[in-house]
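In mature numbering (1 follows the signal peptide of the UniProt record, and there is no 0), the protein residues as written are -26 to -1, 1 to 92. Beta carbons are placed, not taken as given, at the ideal position from N, Cα and C, and that holds for glycine. Written below as structure tokens is the structure these notes are about.
What follows is the structure, encoded as structure tokens:
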């Protein structure tokens, strides 16, 4: 009986430790959806059109915080991430016919902050 009690206590300890680790880890890490840099501009523009038909893409319009650099790759990355975050960060929501990539490195730059929803 003492061995079973020790084993049960150890298992409970591991579970609690894992929950604490995951809670701390999830607060310090995020995931974002960005466009694959080898995607052709026509596909990137289709991705922008699709994402922006579902969510507000005002930050990539002229005067927006993510307008510069004014390239299809940059605008697609921002729009695709906005869509990905709004949909709940499911892998399928960053697929974009194979042109989306998930990154754990925050792609924000300058005044352009890539959204991250916990």
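- The DSSP-derived three-state label of residue 90 is coil.
- For residue 8, the enclosing beta strand (DSSP E) stretches over residues 6 to 9.
- Taking a C-beta distance under 8 Å as the contact criterion, residue 76 and residue 65 qualify as a contact pair.
- Per DSSP, reduced to three states, the secondary structure at residue 38 is coil, with no helix or strand assignment.
- With three or more CB-CB distances shorter than 8 Å, the stretch 11 to 27 counts as touching the stretch 35 to 52.
- The beta carbons of residue 54 and residue 84 sit no closer together than 8 Å.
- When DSSP states are grouped into helix, strand and coil, residue 83 belongs to the strand group.
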